[in-house]
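Colleague: Numbering (my numbering), first residue to last: 623 to 809.
The C-beta atom is built at its ideal place from N, Cα and C for all residues, glycine as well.
To start, I am sharing the structure in question, which I have written as structure tokens.
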């Protein structure tokens, strides 16, 4: 008996036998009754026995044995957004805006230290609609969002302070449109 107590303390199941409730029924091949593996396979076997047509899904997550509903690999045609239907998306114009220097750095004589981003104007806008791409202005990261260049006043960090220092961002739309026209050779 002391040997048995030592084995129980050590947690050895090898000499004590299987854990309670895991005994295999005599004469039952494969998994025991009530096991998850058997519960998954029974609906599939029932479907085959009843003469159900169509391929059955044998995915372990398919507990009902239902036929597959569709393929995920099929790509659908993209839906057009409201901005696309209204003609507000102009990728070429935005790419040209990103090629320009920051309008604030250029106007106030700062040295631009980060790449230019296209900023959709937000001053004087009170709706949730984004302004058209033709009204975007070029801003460096420091004057736009201030993620990397923290030494500048970013419009998305403190809009009121930005307006006090530089004015409304809408004041720079005409300058940007003229610069893009010069860049494209339209003037």
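Using the C-alpha atoms, what's the distance from residue 723 back to residue 737?
Modeller: For this step, residue 737 is matched to residue 115 along the chain shown. For this step, residue 723 is matched to residue 101 along the chain shown. About 8 angstroms.
Colleague: Between the Cα of residue 798 and the Cα atoms of 744, 747, 761 and 780, which residue gives the shortest distance?
Modeller: What you label residue 798 is simply residue 176 of the chain shown in a count that begins at 1. Selected option, being the one with the closest Cα: 761.
Colleague: What are the residues that DSSP puts in a beta bridge with residue 741?
Modeller: Locating residue 741 in the chain shown gives position 119, where the first residue counts as 1. In the DSSP output, where bridge partners are listed per residue, residue 741 has 759.
Colleague: Hey, residue 789 and residue 774: beta-carbon distance below 9 angstroms or not?
Modeller: Here residue 789 corresponds to residue number 167 of the chain shown, with the count starting at 1. Here residue 774 corresponds to residue number 152 of the chain shown, with the count starting at 1. For residue 789 and residue 774, no; Cβs fall outside 9 angstroms.
Colleague: Can you tell which of 771, 713, 686 and 756 has the C-alpha that lies nearest to the C-alpha of residue 743?
Modeller: Taking the first residue of the chain shown as position 1, residue 743 is located at position 121. With distances taken between Cα atoms, residue 743 lies closest to 756.
Colleague: Do residue 759 and residue 786 have their C-beta atoms within less than 9 angstroms of each other?
Modeller: Within the chain shown, residue 759 is the residue found at index 137, counting from 1. Within the chain shown, residue 786 is the residue found at index 164, counting from 1. Between residue 759 and residue 786, the C-beta gap is not smaller than 9 angstroms, which leaves the two residues out of contact.
Colleague: Does the distance from the CB of residue 735 to the CB of residue 728 come in under 9 angstroms?
Modeller: Indexing the chain shown from 1 puts residue 735 at position 113. Indexing the chain shown from 1 puts residue 728 at position 106. Note that the C-beta distance between residue 735 and residue 728 is not below 9 angstroms.
Colleague: Counting C-beta neighbours from all protein chains within 10 Å, is the total for residue 776 16 or more, i.e. buried, or is it exposed?
Modeller: Along the chain shown, one-based indexing puts residue 776 at 154. That one is buried.
Colleague: What distance in whole Å lies between the Cβ atoms of residue 719 and residue 740, which are believed to be in contact at a cut-off of 8 angstroms?
Modeller: Counting from one through the chain shown, the residue named residue 740 turns up at place 118. Counting from one through the chain shown, the residue named residue 719 turns up at place 97. Rounded, the Cβ-Cβ distance is 5 angstroms, consistent with contact.
Colleague: Buried or exposed for residue 768, going by 16 or more other Cβ atoms inside 10 Å?
Modeller: Start at 1 with the first residue of the chain shown, and residue 768 comes out as number 146. It is buried - the Cβ of residue 768 has at least 16 other Cβ atoms within 10 Å.
Colleague: Among residues of its own chain, excluding the 5 on either side of residue 766, which ones have a beta-carbon nearer than 7 angstroms to its beta-carbon?
Modeller: Here residue 766 corresponds to residue number 144 of the chain shown, with the count starting at 1. The answer, listed in chain order, is 739, 741, 776, 777 and 778.
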